[in-house]
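In this note's numbering, the protein residues as written are 518 to 634. For glycine and all other residues, C-beta sits at the position ideal for the given N, C-alpha and C.
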Amino acid sequence: MTYGPVQVFYTGIASGASTSSTIDLGGKSFNRFSVNAVTMSTGAGMTLYGCDTSTGTFGPVFQKVPSTATSAYLSITVGTLTSGGWCQIDAPPMRYIQFVTSAVVSGGVSITVIGSD
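Written as structure tokens, this is what we have:
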């Protein structure tokens, strides 16, 4: 079974920081992202942030929680990660994305994002 064409993006978070470099998704719209924090040694949650411009203010991306009586939204957080592991998330409609960790990281983090249709 094919999921259509994919595109791979790379970003990172420097040691002593908590925000990744910006990923420009270009004009392509994706349905899903597979995210892997390749070298993360700090146990920290990693939340997806988005913006419609590269120089604007980035904010957390929220997703509707299914099966709730009232409308409820939660930020898209890629769990608490250490040393890898792939997570699949719904792709946001923004062109520019970043990842923000819940704690300052030690040793830096390499992040791979695969966008798919």
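Where asparagine 553 sits in the DSSP three-state scheme | Here residue 553 corresponds to residue number 36 of the sequence shown, with the count starting at 1. Under the three-state reduction of DSSP output, asparagine 553 falls in the strand class.
Cβ of threonine 559 within 8 Å of Cβ of alanine 620?
-> Translated into positions along the sequence shown, residue 559 becomes position 42. Translated into positions along the sequence shown, residue 620 becomes position 103. Against a cut-off of 8 Å, the Cβ pair of alanine 620 and threonine 559 comes out as a contact.
Does DSSP put phenylalanine 547 in a helix, in a strand, or in coil?
-> Here the question's residue 547 lines up with position 30 in the sequence shown. Coil.
Starting from threonine 564 and walking both ways along the beta strand (DSSP E), at which residues does that stretch end?
-> Indexing the sequence shown from 1 puts residue 564 at position 47. Per DSSP, the continuous beta strand (DSSP E) segment holding threonine 564 begins and ends at 561–568.
Option nearest alanine 561 by Cα separation, candidates Phe550, Asp541 and Thr618 = Within the sequence shown, residue 561 is the residue found at index 44, counting from 1. If we check each option's Cα against that of alanine 561, Thr618 comes out closest.
Excluding sequence positions up to five away, which residues of its chain have a Cβ less than 8 Å from the Cβ of phenylalanine 579?
-> For the purposes of this step, residue 579 is identified with residue 62 of the sequence shown, where counting begins at 1. Hits under 8 Å: Tyr590, Leu591, Ser592 and Ile593.
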